[in-house]
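Undergrad:
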Amino acid sequence: MHFQQMRTHYDEAARGTPWLSVPSDNPYQCLYCSYKCSTESKLTRHMNKHTGEKLYGCPYCPYRAAQAKTLTFHVRGHTGEKPYSCDLCPYRAVRMDSLKLHIFNRHEKIQKL
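The sequence shown begins at 0 in numbering that gives the first Met the number 0 and counts up one residue at a time.
Have a look at this one:
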């Protein structure tokens, strides 16, 4: 049987059978908006935006963050870690987007002149 025919057959067979349904790639649904995702952890991270819950605490100060990545950037401010470095000069950055902005402002603009 052709794939589309199989899909149609499966859908028709599933209709009216609550325990038999077409599997979804994004079964996790946000309670506050129409956002759907593939994992429970992604849903939890997304829902933190609605609830304002800040699960991640800084080990150096009272700061708390809703997302682990945000806390990572904050902690680097305490530790001085700057893992992203410019290949054209000694500049180092805490975040990749800061390095990209540096390269654009300091090196690409100069090359275009």
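For each residue, glycine too, the CB sits at the ideal point set by N, CA and C.
1) In whole angstroms, give me the CA-to-CA distance for R94 and F103.
2) Nearest-angstrom Cα distance between N47 and N25?
3) Can you give me the start and stop residues for the alpha helix (DSSP H) that A67 sits inside?
4) Going by beta-carbon coordinates alone, are K81 and A65 separated by less than 8 Å?
5) Please report the distance separating the alpha-carbon of Y27 from that of C88.
6) What's the gap between the Cα of Y59 and the Cα of L98?
7) Could you compute how far the alpha carbon of S84 sits from the alpha carbon of H77?
8) How is R94 classed by DSSP in three states: helix, strand or coil?
9) Going by the DSSP bridge assignment, what does C36 pair with across the sheet?
TA: Walking through what the data contain:
1) Counted from its first residue, the sequence shown places residue 94 at position 95. Counted from its first residue, the sequence shown places residue 103 at position 104. Each residue's CA atom was taken as its position, placing R94 and F103 some 15 Å apart.
2) Taking the sequence shown and counting its residues from 1, the one referred to as residue 47 is at position 48. Taking the sequence shown and counting its residues from 1, the one referred to as residue 25 is at position 26. Approximately 18 Å, taken between the alpha carbons.
3) As a working mapping, residue 67 is identified with position 68 in the sequence shown. Its alpha helix (DSSP H) spans residues A67 to T78.
4) As a first step, residue 81 must be located in the sequence shown, where it is residue number 82. As a first step, residue 65 must be located in the sequence shown, where it is residue number 66. Annotated as distal: K81 and A65, with beta-carbon spacing of 8 Å or more.
5) Looking up residue 27 in the sequence shown gives position 28. Looking up residue 88 in the sequence shown gives position 89. So the two alpha carbons sit approximately 45 Å from each other.
6) As a position in the sequence shown, residue 59 is number 60, starting the count at 1. As a position in the sequence shown, residue 98 is number 99, starting the count at 1. Rounded to the nearest angstrom, the two C-alpha atoms are 25 Å apart.
7) Locating residue 84 in the sequence shown gives position 85, where the first residue counts as 1. Locating residue 77 in the sequence shown gives position 78, where the first residue counts as 1. One C-alpha to the other measures close to 18 Å.
8) On the sequence shown, residue 94 is found 95 positions in, with the first residue counted as 1. In the displayed model, R94 falls within coil according to three-state DSSP, outside both helix and strand.
9) Locating residue 36 in the sequence shown gives position 37, counting from the first residue. Per DSSP, the beta-bridge partners of C36 are Y27.
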